[in-house]
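Here the working numbering = 1-based position in the sequence shown + 2. The beta-carbon is built from N, C-alpha and C at its ideal position, and this holds for glycine as well. Remember, predicted model here, so these are calculated numbers, not experimental data.
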Amino acid sequence: MKKQNIRATIYEAINQFVTAYKQNNTEILSSEYGLDKETLAEIDDFLSFVKDKSKINLFSISDLNNDTFLSIEYVDGDYLIEYILIYEDIKFYLVGEYNKTQEAQYKFEYRNFDI
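Next up, the structure:
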């Protein structure tokens, strides 16, 4: 897959995850990403500076040419991802993987947030 295509595809996968997180959609976070309520509580504790999840923003897809916002490393057929999110003036990282499933499709997998 071409670099720009994979960046756009991964951006959309990140957007779907972040949207579910911002909306506290525990059903999607559990079924699609395997995050239980305990893990979500740990994430909320780690991101305690976020008082209003709806204000978490992704950089515009038009900024994807800038490796500063989205770092992708191809390793053994999968992708390691670091993406910068913004809450008010605070930048923080979403770390994940974009891995091939048994059905030969790729899927975003959350790993952690980092500051």
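Alpha-carbon spacing of residue 114 relative to residue 42, whole angstroms
So the alpha carbons of these two residues sit roughly 11 Å apart.
For residue 22, which residues from the same chain have a beta carbon less than 6 Å from its beta carbon, with the 5 sequence-adjacent residues on both sides left out?
Result list for residue 22: 30, 31, in chain order.
Distance check for residue 38 and residue 28, CA to CA, integer angstroms please.
Rounded to whole angstroms, the gap between the alpha carbons of residue 28 and residue 38 is 8 Å.
Out of curiosity, what's the CA-to-CA distance linking residue 91 and residue 57?
Looking at the two C-alpha atoms, the distance is approximately 11 Å.
One or two residues paired with residue 97 in a DSSP bridge:
By DSSP's assignment, residue 97 forms a beta bridge with 84, 114.
Going by other Cβ atoms of all chains shown within 10 Å of its Cβ, with 16 needed for buried, is residue 76 buried or exposed?
Residue 76 counts as exposed, since fewer than 16 other beta carbons sit within 10 angstroms of its beta carbon.
Below 6 Å CB to CB, which residues in the same chain sit around residue 85 once its five sequence neighbours on both sides are set aside?
These residues qualify, in order along the chain: 16, 72, 96.
Roughly how many angstroms separate the alpha carbons of residue 50 and residue 20, rounded to a whole number?
Linking residue 50 to residue 20 through their CA atoms gives a straight-line distance of about 16 Å.
Contacts around residue 48, its chain only, beta-carbon distance under 7 Å, and the 5 residues preceding and following it disregarded
Closer than 7 Å at the Cβ level, and outside the excluded window around residue 48, lie 115.
Where do the N-terminal and C-terminal ends of the beta strand (DSSP E) with residue 75 fall, by residue?
For residue 75, the enclosing beta strand (DSSP E) stretches over residues 72-77.
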